[in-house]
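Notes for the one structure printed next.
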Amino acid sequence: LRLDDLDDENLAWVEDPRHRIDHGRVVLREPAFERAFVASQAAAHRQWLVAGLVLHMLAVAFQWRLVARPEYRYNLAAEGAGALEHAAEDVATMLAVHWALSWACCAGLIVALYGAAARATICSWHFLGLKLAHLAVCIAATARLPAVWGWTLCYTLEMLLLNGWMGVISFRGTVGLATTSCIAYLSVAAALVAVRPETVLRAVGFTVGVILLSRASNFSQRVRWRLLQLYGSALRRLHQILFDILPEGVAREMLKLSSKP
Numbered sequence: 058l059r060l061d062d063l064d065d066e067n068l069a070w071v072e073d074p075r076h077r078i079d080h081g082r083v084v085l086r087e088p089a090f091e092r093a094f095v096a097s098q099a100a101a102h103r104q105w106l107v108a109g110l111v112l113h114m115l116a117v118a119f120q121w122r123l124v125a126r127p128e129y130r131y132n133l134a135a136e137g138a139g140a141l142e143h144a145a146e147d148v149a150t151m152l153a154v155h156w157a158l159s160w161a162c163c164a165g166l167i168v169a170l171y172g173a174a175a176r177a178t179i180c181s182w183h184f185l186g187l188k189l190a191h192l193a194v195c196i197a198a199t200a201r202l203p204a205v206w207g208w209t210l211c212y213t214l215e216m217l218l219l220n221g222w223m224g225v226i227s228f229r230g231t232v233g234l235a236t237t238s239c240i241a242y243l244s245v246a247a248a249l250v251a252v253r254p255e256t257v258l259r260a261v262g263f264t265v266g267v268i269l270l271s272r273a274s275n276f277s278q279r280v281r282w283r284l285l286q287l288y289g290s291a292l293r294r295l296h297q298i299l300f301d302i303l304p305e306g307v308a309r310e311m312l313k314l315s316s317k318p
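So the sequence shown is residues 58 to 318, counted in the working numbering.
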């Protein structure tokens, strides 16, 4: 679709600043227009959000399995490292409790979503809270047993990349979550683990990836929806012209025939 193909009315609609996308916040500039977009995307948003919640549930369970039940487990107490053995048990318990609570919260959100698709926006903010809670638990687990940080903080940062691509959290929420995770990752690494250049590159790379994927997802959704609104406006105008130049019965019959495959 080119601008030269549009009539004056549709061209004015396209050039109206209210119908444009705010590139900083990645929302439509007109609040009413943004609310209409969110309402129209509720069903699709619900599907992606449910997929994200299920993925989060599986990720939390998998994380516990790798940390608490590794393939090769040493008897630290027998080797004179009783303190480390207790720390490993504490971390396993911490992740198990988090696993149970996360599953309960995710199940509740899924039930709420299937009760009404319009709840997708508020449920996505609750999902953001779940991700922050997961980050806090991973920081506590790493502080208790630094040796597991690869499957706590690193794992959490990688999961954010997939969630950002899925677009289950708003762009602003994703920026806040990714930035917080990156700062936490580097801070804990500096305090408990040796910080190497690859550690910094990994954290910054994943953070930038999360933000870029979330931005692309949210922006493309609004571009497509805005284009559909333009097509709808042009189609309504054509219908009006058709009814003006033809008898109503003939116009209705033509529209009926044109809708057939």
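Using N, Cα and C, we set each Cβ at its ideal position, and we do this for glycine too. Small disclaimer: the values here were computed from a predicted structure and weren't measured.
Cβ-Cβ separation between Met114 and Trp160: approximately 5 Å, consistent with a contact (criterion under 8 Å). In the DSSP annotation of this structure, the continuous segment of the alpha helix (DSSP H) that includes Arg279 starts and ends at 254-302. Fewer than three beta-carbon pairs drawn from the stretch 251-264 and the stretch 278-293 are found closer than 8 Å, and the two stretches are therefore not classed as touching. Separation of the CB atoms of Leu270 and Leu187 is rounded to 19 Å, and the pair is thereby denied contact status at 8 Å.
Proximity to Leu106 across Glu128, Leu185, Asp147, Ala140 peaks at Leu185, based on C-alpha coordinates. Going by C-alpha positions, Ala175 is about 8 Å away from Ala100. Cβ-Cβ separation between Ala247 and Leu210: approximately 12 Å, too far for a contact (criterion under 8 Å).
Judged by DSSP secondary structure, Gly109 falls within the alpha helix (DSSP H) whose first and last residues are 99-125. In the three-state scheme derived from DSSP, where H, G and I count as helix and E and B as strand, Val83 is classed as coil. Rounded to whole angstroms, the Cβ separation of Ile268 and Thr231 is 7 Å, and the two are in contact under 8 Å. Taking C-alpha positions only, Leu202 is separated from Trp208 by approximately 11 Å.
With 16 or more neighbouring CB atoms inside 10 Å of its own CB, Ile226 falls in the buried class. Nearest to Leu110 by C-alpha distance, out of Arg86, Val168, Gly233, His80, is Val168. The three-state secondary structure of Ile226, taken from DSSP, is coil.
Nearest to Glu87 by alpha-carbon distance, out of Arg77, Gln286, His143, Lys313, is Arg77. One thing to note: Leu152 has its Cβ no nearer than 8 Å to the Cβ of Arg103. Between Val124 and His155, the C-beta gap is not smaller than 8 Å, which leaves the two residues out of contact. Per the DSSP secondary-structure output, Ile78 pairs in a beta bridge with Leu85.
In the displayed model, Glu146 falls within a helix according to three-state DSSP. In the displayed model, Ala174 falls within a helix according to three-state DSSP. The Cβ atoms of Leu249 and Ala200 sit closer than 8 Å to each other. Within the model, the alpha-carbon separation for Glu128 versus Thr213 is close to 21 Å. Where Ala69 is concerned, the enclosing alpha helix (DSSP H) starts and stops at 65-72.
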